[in-house]
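Colleague: Residue numbers (our numbering): 10 to 569.
The C-beta atom is built at its ideal place from N, Cα and C for all residues, glycine as well.
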Ligand code: NAP
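#1: Quick one: give me the first and last residue of the alpha helix (DSSP H) that residue 303 is part of.
#2: If we call anything under 8 Å between Cβ atoms a contact, is residue 220 one with residue 197?
#3: According to DSSP, is residue 198 helix, strand or coil?
#4: Taking residue 260 as the reference, give the member of 540, 371, 529, 560 with the closest Cα.
#5: Would you say residue 31 and residue 45 are within 8 Å of each other, going by their C-beta atoms?
#6: Can you give the Cα-Cα distance for residue 468 and residue 526, rounded to whole angstroms?
#7: Check residue 84 in the structure and name its three-state DSSP category.
#8: What do you reckon, is the C-beta of residue 452 under 7 Å from a heavy atom of the ligand NAP?
#9: Got a sec, what are the start and stop residues for the beta strand (DSSP E) residue 167 sits in?
#10: Assuming residue 311 and residue 504 make a contact with CB atoms under 8 Å, what is their CB distance in whole Å?
#11: What is the rounded straight-line gap between the Cα of residue 458 and the Cα of residue 386?
#12: Identify the continuous beta strand (DSSP E) that holds residue 410 and give its terminal residues.
#13: Would DSSP call residue 475 helix, strand or coil?
#14: Does the contact criterion of 3 or more C-beta pairs under 8 Å hold for the stretch 112-119 versus the stretch 136-149?
#15: Taking three-plus beta-carbon pairs below 8 Å as touching, is the stretch 468-485 in contact with the stretch 287-296?
#16: Is residue 204 a contact residue of the ligand NAP, with contact defined as CB to any heavy atom under 7 Å?
#17: What three-state label does DSSP hand residue 448 in the structure shown?
#18: Could you pull out every unbroken beta strand (DSSP E) segment of at least 3 residues lying fully inside the stretch 391-440, listed in chain order?
#19: Under the three-state reduction of DSSP, which class applies to residue 15: helix, strand or coil?
#20: Sorry if obvious, but does the Cβ on residue 397 come closer than 7 Å to a heavy atom of the ligand NAP?
#21: Answer with buried or exposed for residue 414, where buried requires no fewer than 16 other C-beta atoms within 10 angstroms of its C-beta.
#22: According to DSSP, is residue 242 part of a helix, a strand, or is it coil?
#23: With three or more beta-carbon pairs closer than 8 Å as the criterion, would you say the stretch 494-501 touches the stretch 223-237?
#24: Pick helix, strand or coil for residue 546, following the three-state DSSP scheme.
See below:
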């Protein structure tokens, strides 16, 4: 007997909640609603197993850039204390094993329908229920719909002319074949130089006869320093579950990393160099998320850190021309997601690894045996790897036909950019929740921390609705308008919008240029959400009864 009640018609059922996606968010949401709250819930997942984005991202070198001890759930102390990660950063296979372990621990798969994509979700105003339909022809009605589709799950394949004429295999890093790819003896062309390409480059270079990376924008890449973790450090962490949990929940970014109190421009060159050198050697996001706060606000301060990073790249890369291409130009450090390096720059010192600038000379077309640049120069290779990223944040939601009140399509409402309250709900779409949706801290944080916060919050909202016998909750238009304005105002107080990034939708031609994550950061955002709940769900209407959002909702208070 499953927790979800199926009607006699095998293609139709009614549950309390439909959850879309079985990654971190969907798994915890199912556990929360079903096991902790006693609701009937069903999960639909496109993949044939759990993992979400990690189900698909199996390219060589795929690994989280978050330290493994904080890249998991903390809601279950025993789960956290007993799971053993093998290295400082968890690899893609290990993350999938972890999530499979979670699914087994809570017996989750019995309520997950795999190999099934949700095509549409439509709100029925009279009955106040959602009707969810899938690509397998199933229809489910539910009081609540929770999108757990992730922020980076809709892969982006640029519309290169001639792409379908390429004679060899084409692989997208975000949809990697499960059986792996044998690059031995191959000439490989890879388009992209983001986090996926940075991880894949040394791994592919180690196998391939030749690797040519086509780079549009150089990235600041800092050392990961992956490897086994000292057993004493591990033991210390294991005995500090409560402390670690509290610290990451209250932090800015969901890491145990804290911005310096002084600015980069306030300290002497020697002091700054010493800190940056120390952080460089420690590896990870120290230089990005643990250094000087003013690098996010002041070009001058940012330039001081850039100078250090530029020098590091020139030191690592032997060929001065290649080094110059790899030194980022035109965007401040930290405004693009900072990838971590495990031999990326060193790979370009290998004679069979080449770097081609496709910014000044863009890709004109893919040809049957390679590609051609705008100036007519051709490159030939046997295998094409697209490390071209994702239609981030809004993409996964916009690919579903979501219709709220009056049949209004969410993707049409979001045509000029996402419109939400707290990145969690959108006006006109009652009882639809978006875990780590656009306009929440989401991708500017260590994701499991933000996921847990949103799942807990959705659980709290639903529990409260049920306790008072209320049918629907949705944000007011005023609260949502205020949140959208506030988000843009705080983003534009920083350097983030000055860069062409997927945070800004700039990687997708035609996508509105709007900064999509929320910059409240993890701890202050959590406190804000808690205050909103304590004040009677400010900014929301429960069964039509609205509580206005107070000033604090639109006040920026960055934690240390
Ligand atoms: P990405 O950062 O968006 O990188 C895509 C790359 O493809 C960029 O270099 C982009 O250039 C290039 N590109 C896109 N369209 C192009 C075109 N038409 N012509 C030439 N180049 C083109 O994607 P990603 O590397 O998959 O990473 C996306 C995000 O996923 C990361 O930022 C990170 O948040 C997450 N991720 C995390 C990890 C991890 O934790 N280790 C690993 C992988 C991914 P432009 O920069 O000029 O747009």
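Modeller: Taking the coordinates as given:
#1: Here the question's residue 303 lines up with position 294 in the chain shown. Element bounds for residue 303: n/a, residue is neither H nor E.
#2: Taking the first residue of the chain shown as 1, we reach residue 220 at position 211. Taking the first residue of the chain shown as 1, we reach residue 197 at position 188. Going by C-beta atoms, residue 220 is nearer than 8 Å to residue 197.
#3: Mapped onto the chain shown, residue 198 falls at position 189. Of the three classes helix, strand and coil, the one that applies to residue 198 here is strand, per DSSP.
#4: To locate residue 260, count along the chain shown from 1; it is residue 251. Among 540, 371, 529, 560, the Cα nearest to that of residue 260 is on 529.
#5: Indexing the chain shown from 1 puts residue 31 at position 22. Indexing the chain shown from 1 puts residue 45 at position 36. No, they are not a contact pair.
#6: Taking the chain shown and counting its residues from 1, one reaches residue 468 at position 459. Taking the chain shown and counting its residues from 1, one reaches residue 526 at position 517. Spanning the two alpha carbons is a distance of roughly 22 Å.
#7: The residue labelled residue 84 in the question sits at position 75 within the chain shown. Coil at residue 84, not helix or strand.
#8: Here residue 452 refers to the residue found at position 443 of the chain shown. Answer for residue 452: yes, Cβ within range of the ligand NAP.
#9: Walking along the chain shown from the start, residue 167 turns up at place 158. From DSSP, residue 167 is part of no beta strand (DSSP E); its letter is neither H nor E.
#10: If you number the chain shown from 1, residue 311 lands on position 302. If you number the chain shown from 1, residue 504 lands on position 495. Residue 311 to residue 504, Cβ: 6 Å. Contact.
#11: For the purposes of this step, residue 458 is taken as the residue at position 449 of the chain shown. For the purposes of this step, residue 386 is taken as the residue at position 377 of the chain shown. About 47 Å.
#12: Locating residue 410 in the chain shown gives position 401, where the first residue counts as 1. Element bounds for residue 410: 410-412.
#13: Here the question's residue 475 lines up with position 466 in the chain shown. Looking at residue 475 - three-state DSSP - the assignment turns out to be helix.
#14: no
#15: At 8 Å Cβ cutoff, the stretches do not touch.
#16: As a first step, residue 204 is located in the chain shown; it is residue number 195 there, counting from the start. It does: the Cβ of residue 204 is within 7 Å (strictly closer) of some heavy atom of the ligand NAP.
#17: For the purposes of this step, residue 448 is identified with residue 439 of the chain shown, where counting begins at 1. Residue 448 sits in coil when the DSSP states are folded into three classes, being neither helix nor strand.
#18: 392-395, 410-412
#19: Along the chain shown, one-based indexing puts residue 15 at 6. Its pLDDT being 37, under 50, residue 15 is placed unreliably by the model, and nothing is read from it.
#20: Position 388 of the chain shown, counted from the first residue, corresponds to residue 397. At least one heavy atom of the ligand NAP is nearer than 7 Å to the Cβ of residue 397, so yes.
#21: Taking the first residue of the chain shown as position 1, residue 414 is located at position 405. Under this definition residue 414 is an exposed residue.
#22: The residue labelled residue 242 in the question sits at position 233 within the chain shown. Looking at residue 242 - three-state DSSP - the assignment turns out to be helix.
#23: Counting Cβ pairs under 8 Å, fewer than three are found: no touch.
#24: Stepping through the chain shown from its first residue, residue 546 is reached at position 537. Looking at residue 546 - three-state DSSP - the assignment turns out to be coil, as it is neither helix nor strand.
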